[in-house]
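Undergrad:
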Amino acid sequence: MGDWIDVCDADDIEHEDVMRWDHDGRTFAIYRAPDGAVYATDGLCTHEQVHLADGMVMDHEIECPKHNGLFDYRSGAPLRAPVCEALATYPARIEGGRIQVMPDQAG
Amino acid sequence: MTKKPKVERRDYSLTGESARQAAEAGLVAAEWYHTEIPRKQMKALMARSDGPAMRDTILWAVLHVLTAAGGIYFWGSWWCVPFWIAYGVLYGSACDSRWHECGHGTAFRTRWMNDVVYHIASFQVMRNPINWRWSHARHHTDTIIVGRDAEIAWMHPVNLALKSLAYVGVVEVWRYFKAITRNAMGSLSPDEQNYTPESEWPKSIMVARIHLAIYVATALVALGMLLSGMGWASLIPFMVIGLPRIYGCWHMVMTGLLQHGGLAEDVLDHRLNSRTVYMNPISRWIYWNMNYHVEHHMFPMVPYHALPQLHEIVKHDLPEPDPSIWVAYRDMVRAILRQRREPGYYLRRDLPETARPYREDLHQAIPERATA
Chain A
9 MGDWIDVCDA DDIEHEDVMR WDHDGRTFAI YRAPDGAVYA TDGLCTHEQV
59 HLADGMVMDH EIECPKHNGL FDYRSGAPLR APVCEALATY PARIEGGRIQ
109 VMPDQAG
Chain B
525 MTKKPKVERR DYSLTGESAR QAAEAGLVAA EWYHTEIPRK QMKALMARSD
575 GPAMRDTILW AVLHVLTAAG GIYFWGSWWC VPFWIAYGVL YGSACDSRWH
625 ECGHGTAFRT RWMNDVVYHI ASFQVMRNPI NWRWSHARHH TDTIIVGRDA
675 EIAWMHPVNL ALKSLAYVGV VEVWRYFKAI TRNAMGSLSP DEQNYTPESE
725 WPKSIMVARI HLAIYVATAL VALGMLLSGM GWASLIPFMV IGLPRIYGCW
775 HMVMTGLLQH GGLAEDVLDH RLNSRTVYMN PISRWIYWNM NYHVEHHMFP
825 MVPYHALPQL HEIVKHDLPE PDPSIWVAYR DMVRAILRQR REPGYYLRRD
875 LPETARPYRE DLHQAIPERA TA
């Protein structure tokens, strides 16, 4: 079991939006769903390594800003070409108003 | 008579020397320049809705039916001509922008609506929807990077006679039937294999067979009409399906060739290799606002209906748009003619004082440009 790492205030990310988070030489995308739940995935699209934090969150999907590939950020599943490969996901939670992620626990 | 070109032919294949050079120069899947836009504003621009595309698609479909009905009703008299001209543009030109926007998945919010229109438009524009989805993704990754981009319309030195034929679509139609037949027989070209993942090849082959089957069915209907003594009227099935890609593609070619014509190759700044042109409202409707082409390449997740708004936000950082199709053509043709004689020449537009400078750092890494 890995450690929970503090990321930011929960209010730093709007509902239905995404933010970039860099940690220990790696880059992640941290999401808030429309209901406020928090999720984390690898930051780079599996298609062409573009950062997903510049993309668009719609419901529970993240759209890559370069080629419009779609993932379900809850499971990392690819939903629309040109993405074929799933994104790694990580446990994320809100604790005491802060977002925390477990970056060593890829799902 | 046009003078013979003086520049040597570049290798535009995706598996040759230019591909190796592009990789060595760091031009493959590189980071591109883009204008900074606050996240909140960007989110508003990217927002999806079904409304605008549903309105435009219903209108597009109704106009297809009305103009085809007029063409058929007046068949045999000159009155049918304007109907076929209009039908041709709706089918053979407007299909390109629908193919493009729905391929990006930005036209509609609802995914299946994008997919349905994408497949219909792909058939009309005569592109294998599977292969071309991937070639277009590559076009956005490596826009006008020689050896990487499969959608470069102007290959140097430009063959002006062949390019002129594009306005009647015959070369493209011939290439399509060669490609779709090859795909239907179970094989993809080396370039198609280069940008289409192997997992997609079975889909590509299946769709190619469907396309061919529709054309065979159309030909059988026409043959049946001919054998039953309907004479010239037996051309009608082809006037409705297939031929509009020839007699109606002129608007698609007219607008499409402006996207990157006469501009730079092998750069990482869309302001240098793409063109924004102000157009009349009818052309913009047919073209779904792709005249804002620099903006589209910088921010491909912005739907077509939000591009005019995006243009207003970023224009301080972009070259002055061409004021009309006519002016854009005048400048583009001059540049193309010069490109036939001067290796490395491209039309370089001035930036406004409010803009950040062009991104120059990697331009000299390409051998041709270094010696230009």
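Going down the list, the protein sequences come from chains A and B.
So in my numbering the end of the first sequence lands on 115, straight run, no missing numbers.
So in my numbering the end of the second sequence lands on 896, straight run, no missing numbers.
All C-beta atoms in this analysis are idealised placements derived from N, C-alpha and C, irrespective of residue type, glycine included.
1) Specify, as a first and last residue, the run of the alpha helix (DSSP H) that A/Ala37 falls within.
2) Going straight from the alpha carbon of B/Ser848 to that of A/Asp19, what length do you get?
3) On the three-pair Cβ rule with 8 Å, is the stretch 689–707 of chain B touching the stretch 624–634 of chain B?
4) With a Cβ-Cβ cutoff of 9 Å, do B/Met637 and A/Met64 count as a contact?
5) Would you please verify whether the beta carbon of B/Pro721 is less than 9 Å from any beta carbon of chain A?
6) What does A/Met66 touch in chain B if you count any residue whose Cβ is under 8 Å from its own?
7) Please report the distance separating the alpha-carbon of B/Met525 from that of B/Ala685.
8) What does the Cβ neighbour count give for B/Leu747, buried or exposed, with the cut at 16 atoms within 10 Å?
9) Taking buried to mean at least 16 other C-beta atoms within 10 Å of its own C-beta, is A/Pro73 buried or exposed?
10) Examine chain A for any beta-carbon lying closer than 9 Å to the beta-carbon of B/Glu560, and answer yes or no.
11) Give every residue of the same chain whose Cβ lies closer than 8 Å to the Cβ of B/Tyr536, excluding the five residues on either side of it in the sequence, and list them in chain order.
12) Going by alpha carbons, who is nearest to B/Gly766 out of B/Trp608, B/Gly753, B/Asn683, B/Met566?
13) Does the structure place the stretch 838–845 of chain B close enough to the stretch 757–772 of chain B that three or more beta carbon pairs sit under 8 Å?
14) Compute the distance between the beta-carbons of B/Arg733 and B/Ala708, then report whether it is under 9 Å.
15) Please list the residues of the stretch 643–669 of chain B that have a C-beta atom closer than 8 Å to any C-beta atom in chain A, keeping them in chain order.
16) Looking at A/Val26 and A/Val109, is the spacing between their C-beta atoms short of 9 Å?
17) How about the stretch 88–107 of chain A and the stretch 44–56 of chain A: do they share at least three Cβ pairs that are nearer than 8 Å?
18) How would you call B/Gly753, buried or exposed, if buried means at least 16 neighbouring beta carbons within 10 angstroms?
19) Between the stretch 786–803 of chain B and the stretch 547–565 of chain B, do at least 3 Cβ pairs fall closer than 8 Å?
20) Within its chain, find whatever has a CB closer than 7 Å to the CB of B/Ile729; leave out the 5 residues flanking it on each side and keep chain order.
21) Determine, using beta carbons only, whether B/Ile810 and B/Ser617 come nearer to each other than 9 Å.
22) Would you call the CB atoms of B/Ile561 and B/Val838 closer than 9 Å?
23) Contact criterion: CB-CB distance below 9 Å. Does B/Leu550 meet it with respect to chain A?
24) For A/Phe79, does the three-state DSSP call read helix, strand or coil?
25) Measure the Cβ-Cβ separation of B/Val777 and B/Tyr691 and say whether it is below 9 Å.
26) Does chain A have any CB closer than 9 Å to the CB of B/Lys567?
27) Mark B/Asp790 as exposed unless 16 or more other C-beta atoms lie within 10 angstroms of its C-beta, in which case mark it buried.
28) When you compare only the Cα positions, how much space is there between B/Arg864 and B/Met856?
29) Measuring CB to CB, does A/Ala117 end up less than 9 Å from A/Ile70?
30) Which residue marks the beginning of the alpha helix (DSSP H) containing A/Gln108, and which one marks its end?
31) Mind checking which residues open and close the beta strand (DSSP E) that includes A/Glu71?
32) Do B/Tyr828 and B/Pro576 have their beta-carbon atoms positioned less than 9 Å apart in this structure?
33) If you measure between the beta carbons of B/Ala674 and B/Leu538, is that distance less than 9 Å?
34) Decide if B/Leu583 is buried, meaning its Cβ has at least 16 other Cβ atoms within 10 Å, or exposed.
35) Just curious, the beta strand (DSSP E) that A/Pro86 is in, first and last residue?
36) Go ahead and pull the three-state DSSP assignment for B/Met668.
TA: Taking the geometry as given:
1) In the DSSP assignment, A/Ala37 falls outside any alpha helix (DSSP H) and within the unbroken beta strand (DSSP E) covering 34–40.
2) Here the alpha carbon of B/Ser848 sits roughly 47 Å from the alpha carbon of A/Asp19.
3) Counting Cβ pairs under 8 Å, fewer than three are found: no touch.
4) Against a cut-off of 9 Å, the Cβ pair of A/Met64 and B/Met637 comes out as no contact.
5) It does: the Cβ of B/Pro721 has a partner Cβ on chain A nearer than 9 Å.
6) Think of a sphere of 8 Å around the beta carbon of A/Met66: the chain B residues whose beta carbon falls inside it are Arg572, Arg633, in chain order.
7) Caution applies to B/Met525, whose pLDDT of 46 falls short of 50 and renders its modelled position unreliable; the value that the coordinates give is listed next. Straight through space, the alpha carbons of B/Ala685 and B/Met525 are spaced by roughly 11 Å.
8) Exposed.
9) A/Pro73 should be labelled buried.
10) Output row for B/Glu560: interface = no.
11) So the qualifying residues of the chain are Ser542, Val670, Gly671, Ile676, Met679.
12) Ranking the options by Cα distance to B/Gly766, first place goes to B/Trp608.
13) Segments in contact, no.
14) Contact flag set, yes.
15) Within the stretch 643–669 of chain B, Arg657, Trp658, Ala661, His664, Thr665 place their CB atoms closer than 8 Å to a CB of chain A, listed in sequence order.
16) For A/Val109 and A/Val26, no; Cβs fall outside 9 Å.
17) By the criterion of at least three beta-carbon pairs nearer than 8 Å, the stretch 88–107 of chain A is in contact with the stretch 44–56 of chain A.
18) It is exposed - the Cβ of B/Gly753 has fewer than 16 other Cβ atoms within 10 Å.
19) Result yes; three or more Cβ-Cβ pairs closer than 8 Å.
20) The beta carbon of B/Ile729 is closer than 7 Å to those of Asn707, Ala708, Gly710 in its chain, skipping five residues each way along the sequence.
21) Taking C-beta atoms as the reference points, B/Ile810 and B/Ser617 count as a pair closer than 9 Å.
22) Pairing B/Ile561 with B/Val838 gives a Cβ-Cβ distance under 9 Å.
23) With the sequence shown as reference, residue 550 of chain B is identified as Gly, and Leu is not the correct amino acid for it. Not one chain A Cβ lies under 9 Å of B/Gly550.
24) Looking at A/Phe79 - three-state DSSP - the assignment turns out to be strand.
25) Result yes, Cβ atoms of B/Val777 and B/Tyr691 sit closer than 9 Å.
26) At least one C-beta of chain A is nearer than 9 Å to the C-beta of B/Lys567.
27) By the neighbour-count rule (16 or more Cβ atoms within 10 Å), B/Asp790 is buried.
28) C-alpha separation (whole angstroms): 13 Å.
29) As displayed, chain A neither begins before 9 nor continues past 115, which places residue 117 of chain A out of reach and without an answer.
30) For A/Gln108, there is no enclosing alpha helix (DSSP H); the enclosing beta strand (DSSP E) covers residues 106–109.
31) That run of the beta strand (DSSP E) goes 69–71.
32) In this structure, B/Pro576 sits near B/Tyr828, with a CB-CB distance shorter than 9 Å.
33) Cβ atoms of B/Ala674 and B/Leu538: closer than 9 Å.
34) Its Cβ having fewer than 16 others within 10 Å, B/Leu583 is exposed.
35) Unbroken beta strand (DSSP E) run through A/Pro86: 86–88.
36) Looking at the sequence provided, one finds Ile at residue 668 of chain B rather than Met. Coil at B/Ile668, not helix or strand.
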